[in-house]
Structures are given as structure tokens and as C-alpha cells.
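Undergrad: Below is the structure I would like to discuss, written out as C-alpha cells.
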Amino acid sequence: MLINILDSKKSILNKFISEIRNINIQKDSLRFRRNIERIGEILAYEISQSLNYEKSTVSTPLGTKIMETHKKDIVLCSILRAGLPLHTGLLNYFDDAENAFISAYRKHINETDFEIKVEYFASPSLEGKTLILADPMLATGQSLVSVFEGLKNHGTPKEIHVACVIGSNEGIEYLKNNLPKETKLWIATVDEKLNSHGYIVPGLGDAGDLAFGEKL
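Take a look at the structure:
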């Protein structure tokens, strides 16, 4: 798996990451969602540099110009509900993409053990297309792998990209061992460890709750 960690280079991205981590700033759910969306836009730009391009002729009021644009074969797939702001950011740039949505959540067996439940599922055909799997939090990696397994019935994509905001080394290792080796991971920042409950430390908390309010 090709791993791209975006905050290895200093940029405005670090401001957005700092704000979604900050316990005081993140209380503003509108600002939290917008920062996740902006990180999604930066991820989209970075991903765009690795896509396949083709030449086409564009007519202007004064003539024509040959341009290279990416092939319109992208499917964005996000995990509900935390993935919605990230999906919006990606879609702001890949505005001609097809879209897929899946619900995946942790069903706890006990205080520390859980299994991933995948229920709601809506996707176009993936056959021969460019799949971008989006999930803001790459903790254990089990949700993303479960979603990928669920997508297999919709065809075989020609390439796979994973877009995340924050992750752990353990989650990255799990993806490396359970997704196709040609997969490309694009992640804004990485923390070293998970706690006993499988949450990223220091992380930022529960992205879904911060974006949309606490759930029962």
C-alpha cells in the first residue's frame, strides 16, 4: 500500500487539524464540520495528482485550447454518519463523481471488544472505476475493511484510494494487511496509538458526535 501522510509537509492543513483537535474550538459543530470539509478538499487535490488524465479540446469565446482533465470515472464512498463532511469536501472538487454511502458502526460485545456492523448500503457499479473510500477516523481499520468487503458485489474497481483525516499506526497496518496491495492511502495526520477501547490517542474524540451531536 502506498501511504501519503499530508502533514509531513507544513501547510495551512495544520491549522485545520489543530482546530478539530482543540477541545475548545471543536465545540462549535459548524466550524468542526467546515474544517473536516476543508481537509477533504485538500485530500481531493492531493489525490487528483495521481489520477489518470486525458486530453480534450475546449472551445473558448476566442478559439480552442487542448486541456488535460481527469477521467470521469470516480466513485466516492463514505461511511455514515461521521463521513458526511469529509464526503462533501471531496465532492466539492470531484463534483462529477458518482456516490456511494454505507453505514458501519461498532457493536460492542463488552467494554473493550466489538464487531463492525454494516447495514445501509447504496452504491453504483464499481466495475473498472476509481474508488475513493472516505472515513475521517482510521482507528482499528476494521470499518474500512468491512465496507470494502461489502462493496465487492458491486464490481472490481481499477484503482482504490482511501481518504482519512486522522489515523493510528495500528489502523494503517491493518489496512496494509487486508486491502489490495495497490491501494493508496491519503491521510492528513497520524497518531501513534489506540487506547483500550480502540480510540485514537490523542486523536480528537468522536467525529460523528462533534459534527452532528451526541447519540443515545
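Be aware that the sequence shown starts at 1, since it is given in the numbering used here, and climbs by one per residue. Glycine residues also receive a C-beta, built at the ideal position from the N, C-alpha and C atoms. Note that the structure is predicted; figures quoted are calculated from it, not measured.
(1) Which of the three DSSP states, helix, strand or coil, is assigned to residue 102?
(2) Considering residue 23, what are the terminal residues of the alpha helix (DSSP H) in which it resides?
(3) What's the C-alpha gap between residue 206 and residue 63?
(4) Thinking C-beta only, is residue 39 closer than 9 Å to residue 89?
(5) Measure the alpha-carbon distance for residue 178 versus residue 58 and round it to whole angstroms.
(6) Using CA atoms only, rank isn't needed, just tell me which of 46, 123, 183, 4 is closest to residue 79.
(7) Based on Cα-Cα distance, which residue from 171, 16, 155, 173 lies nearest to residue 32?
(8) If residue 160 sits next to residue 180, beta carbons under 8 Å apart, how far is it from one beta carbon to the other, in whole angstroms?
(9) Are residue 45 and residue 68 touching if we call contact CB-CB under 9 Å?
(10) In the DSSP assignment, what residue or residues form a beta bridge with residue 190?
(11) Spatial neighbours of residue 83 within its chain, please: C-beta separation below 7 Å, excluding the five flanking residues on both sides.
(12) In this structure, how does DSSP classify residue 183 when only helix, strand and coil are distinguished?
(13) Assuming residue 6 and residue 187 make a contact with CB atoms under 8 Å, what is their CB distance in whole Å?
(14) Compute the Euclidean distance between the alpha carbons of residue 185 and residue 176, then round it to the nearest angstrom.
(15) Nearest to residue 193 by CA position, among 209, 215, 168, is which residue?
(16) Under the rule that 16 or more other beta-carbon atoms within 10 Å means buried, what is residue 208, buried or exposed?
(17) If the criterion is Cβ atoms closer than 9 Å, does the pair residue 158 and residue 129 meet it?
(18) What are the residues that DSSP puts in a beta bridge with residue 10?
(19) So for residue 72, helix, strand or coil by DSSP?
(20) So residue 139 packs on residue 93, CB below 8 Å; how close in whole Å?
(21) Please determine, among 191, 125, 164, 36, the residue with the shortest C-alpha to C-alpha distance to residue 74.
(22) Look at the alpha carbon of residue 81 and the alpha carbon of residue 66, and state the distance between them as a whole number of angstroms.
(23) Can you tell me which of 213, 215, 189, 214 puts its alpha carbon nearest to the alpha carbon of residue 8?
TA: Taking the definition as stated:
(1) strand
(2) Run containing residue 23: none; DSSP gives neither H nor E here.
(3) 52 Å
(4) Their beta carbons are under 9 Å apart, which means residue 89 touches residue 39 by this criterion.
(5) So the alpha carbons of these two residues sit roughly 42 Å apart.
(6) 123
(7) When only C-alpha atoms are compared, the closest one is 16.
(8) That belief holds up - the Cβ atoms of residue 160 and residue 180 are roughly 6 Å apart, short of 8 Å.
(9) no
(10) 167
(11) Cβ neighbours of residue 83 beyond the five flanking positions: 134, 135, 136.
(12) coil
(13) Yes, they are in contact, since the Cβ atoms of residue 6 and residue 187 sit about 7 Å apart, within 8 Å.
(14) 9 Å
(15) Taking the Cα of residue 193 as reference, the smallest distance to any Cα among 209, 215, 168 is reached at 168.
(16) Residue 208 should be labelled buried.
(17) yes
(18) Residue pairing by DSSP places residue 10 in no beta bridge whatsoever.
(19) coil
(20) In fact, because the Cβ distance is near 26 Å, the residues do not count as touching under 8 Å.
(21) 125
(22) 41 Å
(23) 189
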